[in-house]
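Going left to right, the sequence shown walks through residues 1 to 64 as full-length UniProt numbering numbers them.
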Amino acid sequence: MGRGRAKAKQTKVARQLKYYTPDTDLSALERELHGSSQRDGANDPRPVEDDEYDEYGKWATGGR
């Protein structure tokens, strides 16, 4: 007993998800998808220097 009410709620939620069509800004999506290839290095705030890895290299090879 009591399963009918829970099943009805699940059915209602499933139906809302199935038929809900939000307004999509396709031009914004297009800008986002095409804009990322033009700015591949935009998330890297500074260039990496080779000297930054020298200390790690010495440690990883046992100081050789």
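Glycine included, every Cβ here is placed at the ideal spot set by N, Cα and C.
Contacting residues, own chain, Cβ-Cβ under 6 angstroms from residue i (five flanking each side not counted)
i     : result
Glu32 : none
Rounded separation between residue i and residue j - CA only
i     : j     : result
Gly4  : Gln10 : 10 angstroms
Tyr20 : Ala8  : 18 angstroms
Ala28 : Pro22 : 14 angstroms
Ala14 : Ala6  : 12 angstroms
Asp25 : Lys12 : 27 angstroms
Neighbour flag for residue i against chain B, beta carbons, 8 angstroms
i     : result
Ala28 : Chain labels in this structure do not include chain B; a single protein chain is all it has.
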